[in-house]
Amino acid sequence: MTEQLYYQDSYIKDFEAVVLSCIPNGNHFEAVLDRTAFFPEGGGQCADTGVLHIENREIQVFDVQERNGEIIHFIDKEILPGQTVIGELDFQERFSKMQQHTGEHIISGIVHRRFGYENVGFHLGKEEVTMDYDGPLTPEELRSIEYEANQVVAENREIRAYFPGTEELEKIPYRSKKELQGKIRIVEIQDCDICACCAPHVKTTGNVGLIKITNAIRYKGGMRLWITCGMRALEDYNQKEASVVQISNMLSAKQQEVTDAVKRLTEEIQQLKEKAAKMQERLVMGYLESEKVVLKENPNANLLLFEKELDAMAMRNFVNAGMELTKGVCGAFVGDEKQGFRYVLGSSGDIREIGKKLNAAFQGKGGGKPPMIQGSLVGEEEKIREFLEKVL
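Okay, so the sequence shown: first residue is 0 according to numbering that gives the first Met the number 0, each after it adds one.
This is the structure we're talking about:
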């Protein structure tokens with residue numbers, strides 16, 4: 000049985016141990032030590048990583064799992080039973096995970112006390128932390144929870160982790176996401192939370208640092224929250240601040256006024272889109288009007304419009320209106336000969352068969368239902384016109 004040093008002191012960064020076994024498995028080795036500070040994956044938290052030092056060699060520990068009561072270290076090089084190793088954790092990563100995990104306990108304790116909700120899901124990854132609760136929370140309630148959580152941090156409350164006896168455990172009103180068997184470890188945050196948990200935690204709430212709820216959505220009748228704590232919260236703030244500063248500079252607006260500036264810009268863009276749509280509508284209708292003379296002489300003539308820029312609505316409007324004027328093919332092609340064209344085609348005839356032939360001839364793709372199809376192709380305007388004249 001491996002001695003679990005992370006339960007004795009979650010702040011241990013390095014330790015000495017003896018190799019009990021090491022077996023190959025594919026392109027890695029799996030080692031068991033007589034003692035370890037590497038926490039195996041569990042409790043919603045990914046495993047610790049780091050290195051083992053032995054005889055001027057450095058062996059990478061890239062995963063740790065508990066299997067049938069044994070703590071397995073996944074390593075990249077072989078070590079021999081009986082050898083003494085010095086284990087060194089990636090403590091920056093470990094401490095960050097402890098900050099996130101303790102932050103989750105603080106928030107979950109507050110949610111449970113104030114609303115009676117249970118934490119029904121938890122994941123602590125390298126990039127994000129998510130928690131699921133079995134009841135809804137309003138934006139105002141989330142802000143209040145976040146504020147109280149940071150008050151708990153500011154008060155630097157004691158955190159106690161222990162294995163109570165059977166009789167003592169029966170008297171403890173602890174939270175748990177599932178039925179537990181065997182020895183149960185309790186993590187107790189003073190006047191905030193009592194929860195069954197197997198993972199390492201910081202020793203006082205002050206070590207958690209800032210707690211920030213970064214996102215929240217309705218999920219399976221309850222809520223899913225994303226949080227970030229400590230240095231991760233600082234990094235998240237720095238990234239968002241950099242974005243706000245950049246937007247502020249681009250819009251020549253104060254940082255606290257960028258929302259209003261973006262709103263005004265969005266409204267201006269929408270107005271420009273509406274103006275552009277009206278201009279495009281006049282363009283296509285003007286083209287149709289100019290072609291009426293030709294159609295009087297040849298009602299079966301194709302109506303083909305080639306433009307560099309035209310939105311999808313204008314393309315469809317052109318084809319719909321054009322099909323009322325000609326018995327031939329009406330088509331709108333938008334783009335250029337180098338990059339290719341988007342197209343919309345319509346006809347009272349079998350337009351799908353025409354589309355298949357057109358795509359085959361010009362590296363195209365697309366389809367649809369009669370009387371209109373759409374797609375894209377690459378070709379020269381003159382050759383596309385000639386092809387559609389011949390295919391009818």
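Don't be surprised by glycine CBs; every beta carbon is placed ideally from N, CA and C.
- Within a 10 Å sphere around the beta-carbon of His122 sit fewer than 16 other beta-carbons, which makes this residue exposed.
- CA-CA distance, Met130 to Ile226, rounds to 8 Å.
- In this structure Gln82 touches Ile53 by the C-beta definition: roughly 6 Å separates them, less than 8 Å.
- Residue pairing of His72 in beta bridges, as defined by DSSP: Ala30, Val63.
- Between the alpha carbons of Pro172 and Ile193 lies a distance of about 7 Å.
- Around the beta carbon of Pro199, a 10 Å sphere encloses 16 or more other beta carbons of the protein chains shown; the residue is thus reported as buried.
- If you check the CB distance, Gln373 and Tyr342 come in under 9 Å.
- The region 114–128 makes no contact with the region 199–211; the number of CB pairs closer than 8 Å stays below 3.
- In the structure shown, the three-state DSSP call for Asn299 is coil.
- By the criterion of at least three beta-carbon pairs nearer than 8 Å, the region 352–359 is not in contact with the region 308–326.
- The DSSP assignment places 165–169 as complete runs of the alpha helix (DSSP H) inside the region 153–221, in order along the chain (cut-off: 4 residues).
- Here Gln338 carries a coil assignment [DSSP, helix/strand/coil].
- Following the DSSP letters along the chain, one finds Met371 in no alpha helix (DSSP H) but inside the beta strand (DSSP E) bounded by residues 371–376.
- The C-beta distance from Leu4 to Thr48 rounds to 16 Å, too long to fall under 8 Å, and the pair is not in contact.
- Put simply, the backbone Cα of Gln98 is about 31 Å away from that of Arg56.
- Taking Leu168 as reference, the option from Gly181, Glu157, Arg156 with the minimal CA-CA separation is Gly181.
- Beta-bridge partners assigned by DSSP to Gly86: Phe14, Leu51.
- If the five residues before and after Ser347 are omitted, its C-beta is found closer than 7 Å to the C-beta atoms of Met322, Lys326, Pro370, all from its own chain and listed in chain order.
- Assignment of Ala331 by DSSP, reduced to helix, strand and coil, places it in the strand class.
- In terms of Cα proximity to Ala16, the closest of Ala160, Glu87, Ala331 is Glu87.
- Cα atoms of Arg351 and Gln338: separation of roughly 24 Å, rounded to the nearest angstrom.
- Two segments are said to touch when three or more pairs of C-beta atoms, one from each, lie closer than 8 Å; by this definition the region 148–166 does not touch the region 243–263.
- Where Leu123 is concerned, there is no enclosing alpha helix (DSSP H), although the beta strand (DSSP E) around it starts and stops at 118–123.
- Close CB contacts of Val110 within its chain, under the 7 Å cut and outside five residues either way in sequence, are with Tyr116, Tyr132, Ile144 (chain order).
- Assigned with DSSP and collapsed to three states, Ser95 falls in helix.
- Under the three-state reduction of DSSP, Asp133 is assigned to coil, being neither helix nor strand.
- Considering only Ala311, Pro298, Thr258, the residue with the shortest C-alpha distance to Ala275 is Ala311.
- CA-to-CA, the gap between Pro135 and Pro39 works out to about 33 Å.
- Residue burial is scored here from C-beta neighbours: Asn299 has fewer than 16 other C-beta atoms within 10 angstroms and is therefore classed as exposed.
- Taking the C-beta atoms as reference points, Leu294 is found no nearer than 9 Å to Phe317.
- Taking the Cα of Asp235 as reference, the smallest distance to any Cα among Ile212, Ile70, Leu282 is reached at Ile212.
- For Val257, the closest C-alpha among the options Met230, Glu240, Ile185 is that of Glu240.
- The continuous alpha helix (DSSP H) containing Lys356 extends over residues 350–360.
- Following the DSSP letters along the chain, one finds Gly366 inside the beta strand (DSSP E) bounded by residues 364–366.
- DSSP, read as helix, strand or coil, puts Pro80 in coil.
- Taking C-beta atoms as the reference points, Glu69 and Thr1 count as a pair closer than 9 Å.
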